[in-house]
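Engineer: Dropping the structure in here first, questions after.
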Amino acid sequence: MQIPPNYGWEYTKQFKDLFSKLASQENVQLLPFFLDGVTSDSSLFQTDRIHPNEKRNPCSLKTYGALWPHMKYCLRVINA
Numbered sequence: 001m002q003i004p005p006n007y008g009w010e011y012t013k014q015f016k017d018l019f020s021k022l023a024s025q026e027n028v029q030l031l032p033f034f035l036d037g038v039t040s041d042s043s044l045f046q047t048d049r050i051h052p053n054e055k056r057n058p059c060s061l062k063t064y065g066a067l068w069p070h071m072k073y074c075l076r077v078i079n080a
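Mapping of the sequence shown onto my numbering: position 38 corresponds to residue 38, and the numbering continues sequentially without gaps.
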């Protein structure tokens, strides 16, 4: 879980680290950050650098598709 860096480096890092620690503590799977590799491309965002623009839509399918194996695992565990 990550937030945009406009909250400041220290808070952003603490926020990210909290979810890793919580997942480990509760013995649950932490899904990878689904915007990895996308957030660094400024051409995919509006001028506020937070909200995606229309160029990002094709990336969304690829990005969310990469999460599917993790989601299938979670669904199997929930339904077991």
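Glycine included, every Cβ here is placed at the ideal spot set by N, Cα and C. Quick caveat: nothing in here was measured; it's all calculated off a predicted structure.
For F19, which of helix, strand or coil comes out of DSSP?
Structural biologist: F19 falls in the helix class under three-state DSSP.
Engineer: Do the segment 20–34 and the segment 66–75 meet, that is, are 3 or more Cβ pairs less than 8 Å apart?
Structural biologist: Because the criterion of three Cβ pairs below 8 Å is met, the segment 20–34 and the segment 66–75 touch.
Engineer: Under a three-way DSSP split, which group does P69 fall into?
Structural biologist: Note: P69 maps to helix in three-state DSSP.
Engineer: What's the gap between the Cα of P5 and the Cα of T12?
Structural biologist: If I take the Cα positions, the gap works out to 6 Å.
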